[in-house]
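Here's the structure, in structure tokens; my notes come after.
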Amino acid sequence: MRIVAGEWRRRQLRAPTGEATRPTADRTRETLFSMLQSRLGTFEGLAVADLFAGSGALGLEALSRGAAHCIFAENDAAAIRALRANIAALRAQPRCDVRPASVLQLGPAKAPVDLLLLDPPYGSGAGGVALDRLQRLDWIGPASWVALETARDEDAGARSLQVDAVREVGSARITLLRMPAAAD
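Per the working numbering: the sequence shown = residues 3 to 186.
The structure is reproduced here in structure tokens:
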């Protein structure tokens with residue numbers, strides 16, 4: 003597993019030990035960030051949240067491409083160790099906030115983030131549940147982009163968000179979501 007592009011391009015990342023975490027494949031990450039690049043134009047200065055973070059590959063990829071700051075939420079101990087080791091190896095500590103907790107334990111946001119990256123366990127339905135809660139707690143605002151990775155045959159389950167795009171890569175489905183446009 004490696005960083006695909008940006009400041010830390012080709013740098014290797016450590017994956018958590020055990021079977022509890024399924025890291026996003028490089029090809030899937032490359033597709034996701036290509037989709038985001040075409041919509042965002044740049045990652046410069048973005049506030050990002052990598053939820054169900056695992057090794058932190060998604061958030062670290064965003065930071066490598068110029069994001070200003072990333073909040074990582076993860077509750078598996080082995081994944082947290084790998085995440086912290088990856089952040090330290092890249093000397094990214096000043097731009098990272100690691101929260102060793104379940105996504106569902108996060109409190110209200112101080113302000114909506116620009117980009118939320120969610121990679122919950124496949125088949126769990128946790129992504130849709132988390133998105134509903136995060137929207138109620140103001141993590142998602144009108145300008146936010148949400149990227150949700152699920153199994154290829156799994157519904158995103160995001161009832162209150164609008165689907166912008168869907169791509170299937172291997173066994174994964176990437177869904178980009180936004181808040182619905184306000185009616186005039």
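We put the beta carbon where it would ideally sit given N, CA and C, even for glycine.
Helix, strand or coil at residue i according to DSSP, with G and I counted as helix
i: residue 59; result: helix
i: residue 11; result: coil
i: residue 185; result: With a pLDDT of 45 at residue 185, under the threshold of 50, the modelled position of this residue cannot be trusted; read the value that follows with caution. The answer is coil: DSSP assigns residue 185 none of H, G, I, E or B.
i: residue 142; result: coil
i: residue 33; result: helix
i: residue 101; result: strand
i: residue 134; result: helix
i: residue 91; result: helix
i: residue 82; result: helix
i: residue 108; result: coil
Inter-residue spacing [alpha-carbon to alpha-carbon] between residue i and residue j
i: residue 58; j: residue 166; result: 24 Å
i: residue 102; j: residue 83; result: 10 Å
i: residue 69; j: residue 90; result: 17 Å
i: residue 113; j: residue 178; result: 20 Å
i: residue 119; j: residue 81; result: 16 Å
i: residue 10; j: residue 124; result: 28 Å
i: residue 96; j: residue 73; result: 11 Å
i: residue 185; j: residue 163; result: Residue confidence is low: residue 185 scores 45 on pLDDT, short of 50, so the model does not pin down where it sits. No coordinate-derived value is stated.
i: residue 40; j: residue 169; result: 14 Å
i: residue 43; j: residue 180; result: 16 Å
i: residue 156; j: residue 51; result: 22 Å
i: residue 18; j: residue 87; result: 10 Å
i: residue 175; j: residue 78; result: 23 Å
i: residue 107; j: residue 139; result: 11 Å
i: residue 93; j: residue 30; result: 25 Å
i: residue 132; j: residue 104; result: 10 Å
Under 8 Å between C-beta atoms of residue i and residue j
i: residue 173; j: residue 154; result: yes
i: residue 148; j: residue 63; result: no
i: residue 55; j: residue 85; result: yes
i: residue 12; j: residue 4; result: yes
i: residue 48; j: residue 121; result: no
Burial state of residue i, where buried means 16 or more other Cβ atoms lie within 10 Å
i: residue 146; result: buried
i: residue 151; result: buried
i: residue 99; result: exposed
i: residue 144; result: exposed
i: residue 130; result: buried
i: residue 66; result: buried
i: residue 110; result: exposed
i: residue 14; result: exposed
i: residue 128; result: buried
i: residue 183; result: exposed
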